[in-house]
Every structure is written in structure tokens, then in C-alpha cells.
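Take a look at the structure below.
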Amino acid sequence: MSTFASQAPPTGGAPHSSGRGRRSSPMSWRWGDRLVLAAAWTAGISLCVIAAAIVLYMGYRGISYLRPGLIFSRPQVSAGQSGSGGFLDPLLGTMILTVIGIVLALPLALSAAVWIAEYGQGGRARETLARIVESSIEVVAGTPDIVIAIFGFAVFQLSLFAPFSFTAEGGGVYGRSFIAAGSMMSLLALPPVYAATRDGLQAVPAHQREAAFALGKTRITTIRRVLLPSVRSNIATGVTLGISRIIGSTAIVLLLLGSTLRIEAQGSIPGIDVLRGTGSSLTTYIYENSPAGEGGAPQKAYAAAFVLLIFVLALNLVVERIGRAQASATGLAPVGAVL
Amino acid sequence: VLERLKSPWPDHRAERLLGAVSLLIGVGVVAMAGFVFTRAWPLFQHNGLSWVLGGGDFETEINNMTAATSNPPAAVFHLRAWPLIYGTLLTTGIAVLLGLTIAVLSSVFIVELAPARVRRIAIPMIRLLASVPSVIYGLIGILVLVPYVGNHVITTQEKVSVQNVVQLTGAGLGVTVVILTVMITPIMIALICEALVTVPPSWREGAVALGLNPLRAVRAVTLKAIRPAIVAAAVLATARALGEAVMIQMVSGGKTFIPKPVDGLPFFFEPLRTLASAIVDYRDGVSSPALGAAVYGFALLLLFSAFALSVTGYLVKLPLRKYQTRG
């Protein structure tokens, strides 16, 4: 086999067009094949061009409309674009939502991943329960965020959850607050954190666990002292993916955070009052200022979209960095090596 | 108590705690289905399952629902939501078919054809395309594509031809499908590429040695081997497209209309509304009893489709899993 391979170098696998033999030159192919080849190149290149065009266009618009004052001033009620202030509150809103979402999602995702990877085998009951948890996370991952949002609305309008938002005079629970939106955001971040952690745990070689057991450590100590530290970078990747899902979500914020552009606190306990109150995020700020919303201030929308896109690009870079660092440390292919 | 927590945990307690926390996720999923179904129940009570059919005047029915007070009569609940379902199926169907073609071609391009240097640029670019938030796609759509299509692509003749039925502004099926395709294609590319690299190169090399040109070899051997992955990619992309709400709400024209293929070219510019975008449109009415039931009904339908699609995705991936463990 190897002698044949050295005589006639295989094409395709190693992408050198120069190494191909006479027969594989595209100029001698049939018309249909040449068309497909051209179509494949066109498809690949045009997707890259679209991505580049989006970044360049948003960059151009963003740089022409973004002023430092916009980031550091609060939104104002105004008829014109010049007087409507900046997007300090939406920026803070995005951060609050991210923190709540990650803080709630992390323990859930980590315990699920640890439980399934480390305790999921042995015994029929265990395997059934593990399967249930796995499929529930798959269902959560497949549920559109608009449905998650409307579920959150149904939950937080219960009088049981009245302390998390505010109660209107008639006794109806408003059901919209930072807590409501943030806790639904945690459902967005849950699947990526879970998947990254579980994959990391499953990739840890068995002898590491066995070495810890041989030293007389219990399973849970092994998990805390050996396994979790060794999958730190997987967890970081998962959290980064989760954050980028949270900051990009519009539907949940539109439905669950009320529609005040400013952060309006509810109640009198400092700190908690903001969490119970309403506000906005960068995504809804963009939405409200676009022609689809009420503002009709496209310049503000472009500026905020530019800031949001920079966040997303930065998070993408972080994921890539972690993956590369991990690859060079372990010699394994990084997470999502192909795409 | 603090002392007990600090001392090393016995294994069985740790396992039970972790298990309990994990099972919370399962409870959450059941609660989600339960809550949405309970709130949508009045819609089923008054219409049965026939609310998904056509034959009614959707906008009038929604207006009746919006106007209803706290104790609405049964007649208010009458709803025929076919226009929304048609809009959802139309946008999703066209976008998935279009996106699947592009995704297969560009995955072959990335894995088999592109020189290493091009590939190094193309992969992060396509990954970026997948992570752009939908509101930014919507913003570009509503501020750039819609005015362009409205002013330069649609001819006056086309506007006149349907002016008695609907006004063509540029927002509508065409722009929606184009942006939706760009949004879902990267997801499919990721899955297809992942499968493409697992196919042993010797398979394709064997086909080349038999005299096929490299492209035919890819088509005849590699793509055939990863067929389950291609179907799984299409299923995942369908789920994503079904649930896309904000972008579609921004660029689809915000009008309940059934685009008719018989209109010819104007078909592509006619406005529409999908299930998900309707939820965004009527979000302020969620608390009102009648409209709320309708909106929860749309959400329930989406939830059910997402669930059905994830089961389908699991089933089509089964043969792939078997093949991967063997290879």
C-alpha cells in the first residue's frame, strides 16, 4: 500500500494542486464537474466575503458614529437623535445579565457534567437517570430562545415569584426583571458549558483517576483536586461560548426585561432593587433604535451594534486562544478543530 | 454544620447532591413544557387542533383578542393561524434547502479543495458568521438590504401588479430568506466538516486510483459516507431557522400575508409573518387572556417542533455513531 502511495501521490488530502497527475487537471474534466468545482469555490469564497463585508461595514458605520460620550452617558428621552443620550445603561444591563446567567448556569452545568461523566455508569437506575439529564440538556439546547423567553414569563408571573419582579397595583405580578431575564439566560449558557466540561472529563486519561484512587482519595476528592483543575480550559471555553450566546440574545431581553432603556430600580434595598428592576441590553437598545423599534435612531443602533460585534469578536478570539493553548499543552487537537 | 461541610465529603453524599442538582435540569424541561401547555390550553379548548388550519381572517381575529377584556367570551378565542405556519414553513424550507447546497459545497471546498493558506482564513471567517448576533443581522437587513431591494430591485411594474393586495416595500420573503440562509449555513458547515475529516483518506484515494477525478471521488465516496451527518446538519439548521424570531420580525414586513408563488417575481418581495416573529410582535399582549393563549400556543408549536427535530437528529445520527466506533 505504501509503495503505491509513494508512486502516485494521493490528491486532495494534502491540498497541493501542483502534485496532481495529468488526469486530475480540472481542464480535462467534463463540463458538469468543472461547474461543480467552480460552485464549490464560489460558495466557500462568497461566505468569507459576506463575513468580511459584515465586519467591514459595521466597522465603518461604527467608527463614524461611535463617540466616547455615547458609551458613558445614559439614554435620554428625546425626539431627535442628537438628544437621546448614549448606551451606558444597556451596556451595564448586558453585563448584569451575563453575570446572572453564568452564575446560575455554571453550578448546574458542572454538576451535570461531573455526575454524568464520573458517576453515570454502573447500575440500570443510574444510566437511566443520566440519560434523562443528557436528553433534557439536549432539549434545552434545541429550544429557540423566544420559547425560553415566553416560558420565563409564565414562571415569573406566578405570585410565588413576585419578589423577583414587582407587583402592580391591581395585584398582577409584572414578571419582568433582571432576575427573570438573567435566569432564563442561564438556560442559554447551560448547554455549551455542560458539553465542553463533559468532553474534557471524558478526555482525561483513566490512569490519572486511578493514580488518585491508589493514593486513597475518594471519588469526589479526585474530582475536586485532580479532574476539575485539569479541565479548567474546557470550562473556560464553555463559559466563553455561553457568554457570547447571552450577550447576543435579543428575544429574552425583549420579553423579560421590560422595555425601559434606562435601568429602573424597584424597591428600596440597594443592589437587590436593580436586580428586581427593569432595563435594557445592547441587543434591545439596537432593536429599539432601529426602524423596527420606536426610536428611529439608526446612528445609535449602528454604534451599539459595533460595540456588540467587538465583544463577539473578542470572545471568538478568546475561544481560539484557549483551544490553541490547550492543543500545544496536550498535543491533542483543540476543541472544534475543524470549525 | 460548617465543620461537617468542611470535612471531606463521603462519596455517596456527593453523588446524591450532584445527581439532585443535575435532575433539576430535567425538572426544568418538564416545567417548561407544562407551563407553556397550561397557558396555551384555552386556545385548544376553543379551537381544538384546528387553529393550525387556514380559512379565517388572522388579523381580525388577533384584533378581537387584543381588544378583549379580562373575561372574554368564547368567540374571541377563535383563531386560524395558517398564515403564520405557512410563513414559517416557507422561510425555513427555502433557507434550509439553499443553505444545505451552499454548506455541502463550501465544506468540500474547505476540507478538500482549498489551499492551506485559504483554509486558515476561511475557517475563522465562517465561524465568525455563525456568532454574529441575530439583531445585527436584522439591523443590516432593515437598514441596508430592505431599502436597497425596495428602491432598486423591485420594479414599479411589479409594485403595481400587486398593489391592490399588498404594498411591496422591500421587506419580505426574499430578504428574510437570504439573511436566514447566511445565519444557518455556518452551523451546517461545522457539522459537515467535522464528519468529512473523519472519513479515511484511503477510501477516496481508492476511488481516484480507479480512475475517477478527485471531485467525483469526493462525491461518490466521501459525501456518501457522511450522508447521516448531512441530514443531521439539515435537521439542526431547521431547528435554528424555525426559532429565529427577532431577525425575521425586523425584515419580514410585519404583515400577516400569504406570499403566493402564482404572483411571479413579486412573490419574493411579499411580506409575511412567522410563528416566532409573531411572538415578538404580540409580546405586549402576553398577559391578556385571549391573546396570551394564542401566543403561548405559537410557542408550544415551536417547542414541539424543536423537540421532534432533536429526536429526529438523534435518530439520523445513530448509524453515523456506529460507523465512527467501527472506524
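Protein sequences, first through last, are from chains A and B. Position in the first sequence (from 1) plus 121 gives the number in my numbering. Position in the second sequence (from 1) plus 199 gives the number in my numbering. The beta-carbon is built from N, C-alpha and C at its ideal position, and this holds for glycine as well.
Taking only three categories from DSSP, how would you classify B:PRO427?
helix
For A:VAL352, return the contacting residues in chain E, with the cut-off set at a CB-CB distance below 9 Å.
Looking for chain E here will not work: the only protein chains present are A and B.
Roughly how many angstroms lie between the CA atoms of A:GLU409 and A:GLY417, to the nearest whole one?
8 Å
The stretch 181-193 of chain A: which residues have C-beta closer than 8 Å to a C-beta of chain B, in chain order?
Residues are counted here when their Cβ sits less than 8 Å from a Cβ of chain B; for the stretch 181-193 of chain A the count is zero.
Under three-state DSSP, which class holds B:PRO241?
helix
Taking its Cβ as the centre, do 16 or more other Cβ atoms sit within 10 Å of A:LYS421, making it buried, or is it exposed?
Buried, since its Cβ has 16 or more Cβ neighbours within 10 Å.
Cutting at 6 Å between CB atoms, please list the residues of its own chain near A:GLY273, excluding the five before and the five after it.
ALA301, MET305 and LEU377
Spatial distance of A:ALA246 from B:LEU223 (CA atoms):
17 Å
Return the residues of the stretch 150-170 of chain A that lie within a Cβ-Cβ distance of less than 7 Å from chain B, sorted by chain order.
TRP150, ASP154, VAL157, LEU158, ALA160, ALA161, TRP162, ALA164, GLY165, LEU168 and CYS169
Return the bridge partner residues of A:GLY206 from the DSSP annotation.
According to DSSP, which records beta bridges pairwise, A:GLY206 is partnered with A:PRO196.
Taking its Cβ as the centre, do 16 or more other Cβ atoms sit within 10 Å of A:GLU239, making it buried, or is it exposed?
buried
Straight-line CA distance for A:GLY444 to A:SER354?
8 Å
For A:ASP210 versus B:LEU414, is the C-beta spacing smaller than 8 Å?
no
Exposure label - B:ASN350; buried when at least 16 CB within 10 Å:
exposed
Apart from the five residues just before and just after A:THR219, which ones in its own chain have a Cβ nearer than 8 Å to its Cβ?
MET306, ILE364, ILE367 and ILE368
Residues of chain B with CB under 7 Å from A:PHE274, in chain order?
VAL485
A:ARG143 - DSSP class collapsed to helix/strand/coil:
Here the model assigns A:ARG143 a pLDDT of 48, short of 50, so the residue's position is not dependable, and the following value carries that caveat. Of the three classes helix, strand and coil, the one that applies to A:ARG143 here is helix, per DSSP.
What are the residues that DSSP puts in a beta bridge with A:THR399?
A:GLU385
Would A:SER149 be called buried (16 or more neighbouring beta carbons within 10 Å of its own) or exposed?
exposed
Within its chain, find whatever has a CB closer than 8 Å to the CB of B:LEU283; leave out the 5 residues flanking it on each side and keep chain order.
PHE257, THR455, ARG472, THR473, LEU474, ALA477 and PHE497
If you measure from the beta carbon of B:MET231 to each beta carbon in chain A, is any gap under 8 Å?
Yes - at least one Cβ of chain A is within 8 Å of the one on B:MET231.
Given that B:ARG238 touches chain A, what residues does it touch there, using C-beta distances under 8 Å?
ALA275
Give the residues of chain A in contact with B:THR384, contact being defined as C-beta atoms less than 8 Å apart.
Result: LEU168.
Using a Cβ-Cβ cut-off of 7 Å (strictly less than) and excluding sequence neighbours within five positions of A:GLY375, which residues of its own chain qualify?
For the record, residue 375 of chain A in the displayed sequence is Leu; it is not Gly. Counting only Cβ-Cβ distances below 7 Å, and skipping sequence neighbours, we find THR405 and TYR408.
Pairwise C-alpha distance: A:GLU331 and B:PRO209
Distance between the alpha carbons of B:PRO209 and A:GLU331: 18 Å.
Is the shortest distance between the beta-carbon of A:LEU426 and the beta-carbons of chain B less than 8 Å?
This sequence places Ala at residue 426 of chain A; Leu is not what is there. Chain B, which has a Cβ nearer than 8 Å to the Cβ of A:ALA426, makes this yes.
Report the option in B:MET264, B:ALA280 and B:VAL303 whose CA atom is closest to the CA atom of B:ALA273.
B:MET264
At 7 Å on the CB atoms, spell out the chain A contacts of B:LEU338, in chain order.
ILE407, SER411, ALA422 and ALA426
With a threshold of 7 Å on Cβ separation, who are the neighbours of A:GLY263 within its own chain once the five nearest residues in sequence on each side are excluded?
none
Contact with chain B by A:THR404, beta-carbon distance below 8 Å:
yes
Candidates A:SER298, A:MET216 and A:ALA275: closest to A:GLY398 by CA position
A:SER298
Mind listing which residues of the stretch 344-370 of chain A have their C-beta closer than 7 Å to chain B's C-betas, in chain order?
SER365 and GLY369
For a test of the three-state rule: what should DSSP assign to B:PRO346, helix, strand or coil?
helix
With 8 Å as the C-beta to C-beta threshold (strictly closer), list the residues of the stretch 374-389 of chain A near chain B in chain order.
So the close ones are LEU375 and LEU376.
Does A:PHE193 pass the burial test, meaning 16 or more other C-beta atoms within 10 Å, or should it be called exposed?
Exposed: under 16 other Cβ atoms inside 10 Å.
Compile a chain-ordered list of the residues in the stretch 234-266 of chain A whose CB is closer than 9 Å to at least one CB of chain B.
ALA234, VAL235, TRP236, ILE237, GLU239, TYR240, ARG247, LEU250, ALA251, ILE253, VAL254, SER256, SER257, ILE258, GLU259, VAL260, VAL261, ALA262, GLY263, THR264, PRO265 and ASP266
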